[in-house]
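Colleague: Let me give you the structure first, and then I'll get to my questions.
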Amino acid sequence: MRAPCYARIHGSSNVPYRPYRRVEVDVMPIHQQSFPLYPPLPVNLIVTVDEYLDEDEVPIHKQSFPLHDGNSAPSIAKATTTLTNNPAIDATESSQTAATKSLSDASGSQRIESYASLSEIGIPPRQEQKLRGMRVMVGRYISTHRYPLEYPPQCPNVESGDLYVHHHGDVGVQVWLREKNMWISIADGHRHPSLVDYRLFVGDREPTWVTRKTRSTYKGRMRARGQKEGARDAVATPA
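For the sequence shown, position 95 (counting from the first letter as 1) is numbered 95 according to UniProt numbering, and the numbering increases by one without interruption.
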């Protein structure tokens, strides 16, 4: 057994000495951290993703509606047609020989306009024309029929920038321009695809490419000629 220690204090007797232990009285917070868990989803939000797919053949719905006399109604097949709004006409479509177009007027009645048969048109030869003031030759194909054309036929040696002209009826004329391997319907005043200053002129002669200045001159002459003819008719017709 260890003997107790004694400390000598001035003016006092020997008293036993006990080792002093310091006790920390300050509050030391303990590190705490909470990890909140997400609440479980409601039952109505739980979705089952594991489903079995039926790999059997799905028959097309077909149902017969019996009539009062016990017979079934006959099946009715409805024919559908495919329409296209592309103004460019591909040359590969020229294998057809005839077409019919249905037009509606303001009163709602149907008016049938027949197109010329390609078998009657045949294949027109290629013609070349030199542009005035230019060392450029342009190709041109010309056909004539009492009915208009829906699209040009296949033409030999066709090149980009060529024209296809079709005369129909008394004064009707249609013009197509060959561009990007297809025929594009154009009208008077259309710009040439490569010659900046040239425009299409459709008058009392074969449609051709002319400069803007020449086209203005031709248009002025046509207006003057029309005015003279109108005045002549007014004088010849009695009041």
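In this text, a Cβ means the ideal position worked out from N, Cα and C, and glycines have one as well.
(1) Among residues of its own chain, excluding the 5 on either side of Val191, which ones have a beta-carbon nearer than 7 Å to its beta-carbon?
(2) Measure the CB-CB distance between Pro153 and Arg126 and report whether it falls below 8 Å.
(3) Would you please state the rounded distance, in angstroms, between the beta carbons of residue 278 and Val165? I believe it to be under 8 Å.
(4) Quick one: is Arg178 buried, meaning 16 or more other Cβ sit within 10 Å of its Cβ, or exposed?
(5) Would you decide whether Asp162 is buried or exposed? Buried here means 16 or more other CB atoms lie within 10 Å of its CB.
(6) For Val171, does the count of other Cβ atoms within 10 angstroms reach 16, so buried, or fall short, so exposed?
(7) Measure the CB-CB distance between Val175 and Ile186 and report whether it falls below 8 Å.
(8) Hey, how far is the Cα of Thr120 from the Cα of Arg140?
(9) Of all the options Met134, Gly133, Tyr147, which has the alpha carbon lying nearest to the alpha carbon of Ser117?
(10) Starting from Thr121 and walking both ways along the beta strand (DSSP E), at which residues does that stretch end?
(11) In angstroms, rounded to a whole number, what distance separates the CA positions of Arg212 and Asp197?
(12) Sort out for me which residues DSSP pairs Lys130 with in a bridge.
(13) Could you please give me the residues that DSSP links to Arg199 through a beta bridge?
(14) Could you check how far apart the C-beta atoms of Glu128 and Met137 are, in whole angstroms? I think they sit under 8 Å.
(15) So residue 285 packs on Trp209, CB below 8 Å; how close in whole Å?
Modeller: Considering the structure as presented:
(1) Note that residue 191 corresponds to Arg in the displayed sequence, not to Val. Excluding positions up to five away in sequence, the list reads Arg199.
(2) no
(3) In the structure as shown, the chain begins at 1 and stops at 239. Residue 278 is therefore absent and cannot be evaluated.
(4) buried
(5) buried
(6) exposed
(7) yes
(8) Residue 120 is actually Glu in this sequence, not Thr. Going from the Cα of Glu120 to the Cα of Arg140 covers about 19 Å.
(9) Tyr147
(10) The residue asked about is misnamed: residue 121 is Ile in this sequence, not Thr. Looking at the DSSP string, Ile121 is not in any beta strand (DSSP E); the run it does join, the alpha helix (DSSP H), is 118-121.
(11) 6 Å
(12) Met137
(13) Arg191, Val210
(14) 5 Å
(15) Not covered by the structure: residue 285. The range shown for the chain is 1 to 239.
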